[in-house]
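So our numbering is basically just the index in the sequence shown, starting at one, shifted up by 520. The beta carbon of each residue, even a glycine, is placed where N, CA and C say it ideally should be. The structure appears right after this line, and notes come after that.
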Amino acid sequence: MNSVPTVLLIGVHAAVIPVIAGMWYYATPKFWEVGYMPTQPSTGFNHQIHAGKLGMDCRYCHTNVEDSWHANVPPVQTCFGCHEEGKLGPTATATTEKVQFIRDAYATDTPIPWRNIHVVPDYATFPHNAHVNAGVSCYTCHGAINNMPVVAQAESLSMGWCLDCHRNPEKNLVPKDKVTDLYWVQNEWFGKDASERVHEGMTPEALKDTLLRDPPDNCSACHF
Ligand code: HEC
Ligand code: HEC
Ligand code: HEC
Ligand code: HEC
Ligand code: HEC
Numbered sequence: 521m522n523s524v525p526t527v528l529l530i531g532v533h534a535a536v537i538p539v540i541a542g543m544w545y546y547a548t549p550k551f552w553e554v555g556y557m558p559t560q561p562s563t564g565f566n567h568q569i570h571a572g573k574l575g576m577d578c579r580y581c582h583t584n585v586e587d588s589w590h591a592n593v594p595p596v597q598t599c600f601g602c603h604e605e606g607k608l609g610p611t612a613t614a615t616t617e618k619v620q621f622i623r624d625a626y627a628t629d630t631p632i633p634w635r636n637i638h639v640v641p642d643y644a645t646f647p648h649n650a651h652v653n654a655g656v657s658c659y660t661c662h663g664a665i666n667n668m669p670v671v672a673q674a675e676s677l678s679m680g681w682c683l684d685c686h687r688n689p690e691k692n693l694v695p696k697d698k699v700t701d702l703y704w705v706q707n708e709w710f711g712k713d714a715s716e717r718v719h720e721g722m723t724p725e726a727l728k729d730t731l732l733r734d735p736p737d738n739c740s741a742c743h744f
């Protein structure tokens with residue numbers, strides 16, 4: 521009797537199942553979402569110019585980040601405040617052409633249809649303000665936005681990602697007055713070894729003691 525086919529079959533199955541399981545695991549959308557970068561309306565919005573080069577604070581536009589469960593994208597009025605015709609003066613190189621969509625939207629009182637990038641599913645709760653106020657920097661969850669001409673998703677936002685931080689938060693905390701200073705956070709804080717991080721007497725351990733509560737890992741804190 522020739523047993524080779526059976527042996528081959530067993531061998532093939534043993535090798536193929538982990539491959540399929542692996543593909544199923546990695547091919548679920550959450551792994552694709554890292555890098556997700558939808559095309560934005562018209563010429564878009566450039567964080568590298570506004571938050572990087574011009575040094576605008578995130579909260580100038582994202583006014584809710586400390587106060588609400590949901591962060592916000594600014595209304596056209598915020599853009600128009602600078603990009604109204606003649607406002608920035610003759611030195612501004614931003615051509616009329618590039619900012620015309622702002623003036624059109626303002627004139628017709630229609631919101632600019634920015635496309636949403638970061639999304640947590642409805643069945644999970646994510647209180648945005650609790651994190652910002654606890655000293656978790658925008659940098660940790662959104663990456664170096666101040667260097668992004670176009671925003672792309674930096675982290676998976678999966679449950680494992682949430683829990684990795686909740687179980688070991690101190691390595692992710694920054695001094696509260698630096699939460700939106702992404703350049704400083706990247707270079708002066710996370711650029712140093714954890715044992716060398718200190719700012720006005722605050723170390724990672726001391727920052728952990730300022731938390732209102734331990735970050736939860738019980739199911740009902742995020743699913744209810
Ligand atoms: C001048 C206004 C302005 C400033 C300042 C600004 N942003 Fe934005 N931000 C926007 C606009 C408009 C959008 C929507 C368009 C886009 O996604 O590019 C946006 C989108 C985002 C998004 C993606 C939102 C989503 O849909 O998931 C993140 C994250 C973000 N900003 C973080 C920051 C951070 C961090 C800073 C400070 C370093 C900052 N922004 C400064 C206007 C601003
Ligand atoms: C505090 C003032 C200010 C605000 C508010 C502001 N901008 Fe700007 N914006 C500037 C300046 C300054 C430049 C650069 C001018 C130059 O040197 O060309 C610029 C450049 C631009 C450009 C052209 C550069 C490029 O290629 O992207 C666009 C488009 C633009 N802004 C869109 C927006 C949008 C959309 C908003 C609102 C979410 C906004 N701006 C809010 C000051 C501002
Ligand atoms: C602990 C991680 C974390 C931190 C810290 C954080 N974010 Fe977010 N952010 C998220 C998640 C997750 C979402 C998607 C939330 C949702 O779907 O409800 C989000 C959504 C956003 C959005 C999209 C709002 C919209 O209209 O959909 C903006 C803008 C934003 N964040 C800006 C910021 C800024 C600015 C900071 C720093 C001041 C910051 N975030 C800090 C995780 C974080
Ligand atoms: C980088 C670190 C970090 C990440 C990532 C993170 N968290 Fe948190 N989370 C914290 C910290 C720190 C606290 C404690 C805040 C406090 O109360 O002082 C917290 C608190 C919470 C709370 C309780 C808030 C309250 O008011 O009781 C919820 C709910 C929560 N996180 C959900 C999430 C979810 C959902 C995600 C993933 C989408 C997530 N977190 C990702 C650090 C993080
Ligand atoms: C810190 C917040 C947090 C806690 C605590 C938490 N979850 Fe989740 N959970 C999430 C988020 C966020 C998602 C959505 C992940 C995504 O988009 O892929 C999720 C997704 C899920 C899913 C959907 C399947 C999947 O993996 O996509 C199930 C089922 C689930 N959680 C069950 C639980 C159970 C059971 C517990 C307690 C042992 C728990 N969760 C604790 C945040 C949390």
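- Along the length of the region 623-648, whole alpha helix (DSSP H) runs at least 4 residues long do not occur.
- No heavy atom of ligand 1 is found nearer than 6 Å to the CB of Gln568.
- Between Ile637 and Val596, the CB-CB gap reaches or exceeds 7 Å.
- Taking 6 Å as the cut-off, the C-beta of Val640 counts as close to a heavy atom of ligand 5.
- Val585 is bridged by DSSP to nothing; it lacks a bridge partner.
- Distances taken from the Cβ of Asn666 to the heavy atoms of ligand 1 include one shorter than 6 Å.
- Within the same chain, Cβ atoms closer than 7 Å to the Cβ of Cys661 are found at Glu675, the five residues on either side in sequence being excluded.
- For Val718, the secondary structure class from DSSP, reduced to helix, strand or coil, is coil.
- One Cα belongs to Asn566, the other to Glu604, and the distance between them is close to 17 Å.
- Within the DSSP bridge table, the entry for Val694 names no partner.
- Separation of the CB atoms of Leu693 and Lys728 is rounded to 6 Å, and the pair is thereby assigned contact status at 8 Å.
- Here Lys607 has Gly601 as same chain residues with Cβ atoms under 8 Å from its own Cβ, once five neighbours each way along the sequence are excluded.
- Residue ranges of uninterrupted alpha helix (DSSP H) with 4 or more members, entirely inside the region 644-691 and ordered along the chain, are 648-653, 658-662 and 679-686.
- When DSSP states are grouped into helix, strand and coil, Leu731 belongs to the coil group.
- Burial is judged here by how many other beta carbons sit within 10 angstroms of a residue's own beta carbon; Ala625 has at least 16 and is buried.
- By the CB criterion at 7 Å, Ile622 and Cys599 fall inside the cutoff.
- Burial is judged here by how many other beta carbons sit within 10 angstroms of a residue's own beta carbon; His590 has fewer than 16 and is exposed.
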